[in-house]
Structures are given as structure tokens and as C-alpha cells.
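Now the structure itself:
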């Protein structure tokens with residue numbers, strides 16, 4: 001198992017179950033909002049949401065078959081449709097990983113560029129991962145910059161501390177490895193081959209982080225789920241309806257035909 005730089009939190013296995021909804025503010029709403037507006041997510045949206053929860057809790061596609069079975073209980077396992085859903089789900093989750101690592105590389109590079117090169121304690125001059133301060137510099141903006149795909153499901157600001165620490169450990173460990181990788185890529189000599197080896201290690205870190213004693217066993221109750229923004233979604237649908245090209249059939253627009261029905 002690869003090296004972890006910030007194994008600072010107690011094991012999740014012994015954690016008390018937090019109340020992630022102390023005031024009833026963060027549950028995912030279902031049914032009708034305001035007594036009239038539909039607030040249920042479409043089935044494909046629900047599947048994507050469940051995939052995101054699976055991935056943020058596991059950082060791997062392993063076990064995603066249970067998500068498929070929950071969303072598609074009537075689908076025959078290992079049938080062609082099942083295999084196609086599994087293929088697309090796996091591809092989607094891997095794309096989230098690629099996007100996160102790419103964003104994190106850019107974020108670290110930006111932080112290094114803006115740090116004071118004359119200060120020996122600045123990020124650009126710290127080359128030992130043990131002296132890096134990513135655990136202390138973790139914040140909401142930095143996390144969502146690198147894990148944008150989680151914004152739809154996790155309200156980090158209102159999540160219990162144990163959930164924030166879970167994400168802090170994931171972010172800080174990956175950031176430390178990527179900082180070292182960034183240093184290696186600037187080496188025009190042997191560092192290039194070493195950088196490639198380091199990137200392999202980063203991928204290994206990604207897939208094994210949630211298996212670490214301090215992080216394994218995470219569940220959704222560690223976080224405050226983000227409420228769906230019904231008003232924004234309705235506004236978007238209304239805008240799409242207003243701006244949609246009018247198609248005419250036999251002298252009547254499609255909208256006129258609908259209103260006549």
C-alpha cells in the first residue's frame with residue numbers, strides 16, 4: 001500500500017453516528033415543493049447521483065454493480081443491457097477521477113506560482129511531503145476546485161466535522177503526492193522517468209485511500225447532502241422552452257398545437 005502523508009483522523013469504524021441533519025435543513029427533498037412544483041429527480045439523474053456517492057465513498061468502480069441493481073432491479077445481471085450500463089458507469093466514474101487529478105495539478109501549479117520563492121517555507125520551496133501543509137490549507141474552495149463533480153451531492157460547509165475530515169484527508173494526501181510529482185516534472189534529467197513512476201503511485205494512492213484504516217467505512221451520513229435547487233432547474237426549463245426553435249406543422253406551431261390539446 002502506498003505512503004500516506006496525513007493519516008490524522010480516528011478510524012471511521014469507531015465513529016459515533018453524526019447527526020448530519022440537526023435542524024432538518026439538509027435532507028434531499030422528494031415529492032412536491034411548495035405544494036405544486038415537482039421536485040423528484042429523473043431516473044437518470046438519480047443514477048448519476050448514486051454513482052457520485054459510490055465514487056466519493058470508494059474512489060473506485062469496484063462494487064458499482066450494487067448501484068446498478070438498485071436503480072435497475074429488473075435488469076438481468078450480465079445481460080447486454082446490464083453490461084452496457086456497467087461500461088458507461090465505469091467510464092463516467094473514471095472521467096471524474098481524470099478531471100479531479102487534472103484540476104488538482106493545475107491548482108497546485110497555480111499555488112506554487114503565486115508563492116514567494118524567496119521564502120524557504122513557501123510551497124514552491126517545500127520538497128519533502130511531510131513538511132507540506134495541505135492538511136492545514138484545506139478549504140471549501142480548494143476542494144470543489146479539484147472535486148467539482150461532488151458539488152451536486154455534498155454540502156461541505158454544513159457537513160459534520162468527521163465528513164469534512166474524510167474529504168480533507170483525501171484532498172491533502174493527493175495534493176502532497178501531486179506537489180512532489182510537479183517538482184519531478186520540472187527536472188529535465190532523471191526526474192522525468194521518476195515523475196512517470198510517481199504518477200503511477202498517485203493513481204495507486206487514489207484507488208487505495210479509502211481502504212486505509214482511517215478512511216474505510218465512510219457512509220453518506222458523514223455529510224450534509226446538497227438540496228436540489230428546484231427554482232433554478234425550473235427557471236432553466238422555462239428558459240429552454242422560451243428559446244426553443246418553433247417548429248411548424250400544417251401552418252401551426254408546435255406550441256399552438258399543444259395549447260389546443
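In the UniProt record's numbering, the protein residues as written are 1 to 261.
Just so it is clear, CB atoms sit at the ideal spot from N, CA and C, and this is done for glycine as well.
A quick note: this is a predicted structure, and the numbers were derived from the prediction, not measured.
Residue i - containing alpha helix (DSSP H), residue span
i           : result
residue 170 : 161-185
residue 220 : Note, residue 220: premise wrong, no alpha helix (DSSP H); not H, not E.
residue 73  : Neither: residue 73 is in no alpha helix (DSSP H) and is coded neither H nor E.
residue 141 : 140-146
residue 84  : 80-114
residue 137 : 134-137
Cutoff 7 Å; reference residue i; Cβ partners in own chain excluding five residues on either side
i           : result
residue 157 : 140
residue 59  : 206, 207, 209 and 210
residue 47  : 71
residue 220 : 53
residue 109 : 182
residue 104 : 146, 174, 175 and 178
Cutoff 8 Å; reference residue i; Cβ partners in own chain excluding five residues on either side
i           : result
residue 67  : 47, 50, 51, 54 and 89
residue 202 : 101, 174, 177, 178 and 181
residue 195 : 181, 184, 185 and 187
residue 132 : 5, 123, 126, 175, 176 and 179
Residue i versus residue j: straight-line alpha-carbon distance, rounded
i           : j           : result
residue 182 : residue 200 : 13 Å
residue 134 : residue 197 : 22 Å
residue 215 : residue 162 : 10 Å
residue 226 : residue 193 : 42 Å
residue 146 : residue 81  : 33 Å
residue 126 : residue 83  : 46 Å
residue 61  : residue 222 : 21 Å
residue 96  : residue 149 : 7 Å
residue 98  : residue 114 : 25 Å
residue 64  : residue 94  : 12 Å
residue 224 : residue 112 : 32 Å
residue 91  : residue 144 : 21 Å
residue 123 : residue 160 : 29 Å
residue 87  : residue 69  : 14 Å
residue 228 : residue 45  : 11 Å
residue 168 : residue 85  : 31 Å
residue 263 : residue 213 : The question about residue 263 has no answer here: the residues shown for the chain are numbered 1 through 261.
Identified DSSP bridge partners for residue i
i           : result
residue 225 : 154
Min CB distance residue i to chain B below 9 Å
i           : result
residue 148 : Within the model displayed, chain B is absent; a lone protein chain is all it includes.
Cβ neighbours of residue i in the same chain (closer than 6 Å, five flanking residues each side left out)
i           : result
residue 170 : 209
residue 164 : none
residue 142 : none
Practice problem: Pair every Cβ in the region 69-77 with every Cβ in the region 142-162, then say whether three or more of these pairs are closer than 8 Å. | Solution: The region 69-77 vs the region 142-162: no contact.
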